[in-house]
Each structure stands twice: as structure tokens, then as C-alpha cells.
Amino acid sequence: VLRCLGIPTRVITNFNSAHDKNLNLSIDKYIDMSGNNLHLSEDSVWNFHVWNESWFIRRDLGSFYDGWQVLDATPQEKSKGIYQCGPASTKAIKEGDVNLDYDSPFVFAAVNADCVTWIRYSKKRKERIYSDTRKIGKFISTKAVGTNSRVDVTDNYKYPEVKEISFKISYSQYKNSLLDDRKILVTAV
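Residue numbers (UniProt numbering): 1 to 189.
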């Protein structure tokens, strides 16, 4: 319909799409001390989810938020009492401006939530045992104009993930570094 009105519109596919039911920006999984799933959260991760983007000027939010806006024709949650989603600015999503109207927190979580596993010891005590900050929002894509090629638009939604750098040293290097620290401590006293 929007294309018929002359508004640029495209289909977007998000792989590993988070469905953050409680809007805490994480997908929580609870297990007991034996590792059994407790099914305490309605959060989920979908293989993919599809929505539309349309190009709008945002006088209501300010010109910074002009550009592509997320519109989901198949929302799974109510927003302001009705099933709707958007228009959420992709710039707001990328910048983490989750306090804006039009479902920005929900879309932010869909592409950038953390997957967190908790051990629940009691109703009042839980402990985070695992967190994956990279699983959600992979290969966010649209179709190229005039071909069937995929265009990656992930950078429109989120900044590149920080790569972990592992430092591996031998035991003898570690031991020597402790001796060096001891020498510094003794010298300082």
C-alpha cells in the first residue's frame, strides 16, 4: 500500500530474531540447579522474522530520526492497546534510543537483545551463569533492486559486534609476571 502512495518501502528479514515479551532487552532462560529448563520466561528467539521499512520524515521525533522506519504488519504484542508495531526509526534502534514511542524497545530487542541463562535457586535468588551478546540480529537483509541478490543492512540497525581478543600465555610467562609484580611490591615497600 505504501509503495502505491509513492513512499519507498522494502521488506526486511532479521535472522535470529528475539521476541522480548517483557521488554527488559534480554532473552532470559531459567534453569534449576540440575540444569532443567524451568519455563519461567515467555521470551523466545525465532529463526527469522520479517517486517517492512518505509522512508519517512519524522517531524514528531526530529530530523535526526528521518529515514527508514520499521513497520511490522504481523506484530505479536499489543502496543498502546492494539496489535501494531512502528513506525520505529532504524536510527533510534541503532543508537539504542529505546525510550521513544512507536515500539523502539521491542525492535531494538529483536535485533540486539542479549541471551541470558540464569540458575534459579529460589523465588528470591538467581544467578546469571551465561550471557551471549552476539546471537541476536544476524544478517539483517533486504532484496537488491532489480536482482534477487541479498543486501545486508545490519549496519543500519546496530554497530559491529566487538570481537573478543584472547590472550594466551604460557605458565612460565605467568609465573614470571607474578615474580615481577612481587619485585615491584618489595621495591615499593
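We put the CB at the ideal spot given by N, CA and C, even for glycine.
Since this is a predicted model, take the numbers as computed values, not measurements.
Exclusion of the five residues before and after E161 leaves R134 as the residues of its chain whose Cβ lies within less than 6 Å of its Cβ. W118 places its beta carbon 8 Å or farther from that of K124. Here H49 is not near A88, since their CB atoms are 8 Å or more apart. A Cβ-Cβ contact shorter than 8 Å links R10 with E53. At the C-beta level, I136 and A113 come within 8 Å of one another. For Y83, the beta-bridge partners assigned by DSSP are K78.
Rounded to whole angstroms, the Cβ separation of K138 and N36 is 28 Å, and the two are not in contact under 8 Å.
Your pair I31 and L38 checks out as a contact, with CB atoms roughly 6 Å apart and the cut at 8 Å. Secondary structure of V107 (DSSP, three-state): helix. A distance below 7 Å between beta-carbons, with the five flanking residues on each side excluded, links D28 to the following residues of its chain, in chain order: S41, D43, V116, W118. Taking each of R58, D103, D66, Y65 in turn and checking the Cα distance to Q76, the smallest one comes out for D103. Between G86 and L71, the gap from beta carbon to beta carbon is short of 8 Å. Rounded to the nearest whole angstrom, the C-alpha separation of G6 and E95 is 28 Å.
The Cβ-Cβ distance between T90 and N156 falls below 8 Å. Its chain contains A109, A113 as the residues whose beta carbon lies nearer than 6 Å to that of L25, once the 5 sequence neighbours on both sides are disregarded; these appear in chain order. Here DSSP, grouped into helix, strand and coil, assigns T9 to strand.
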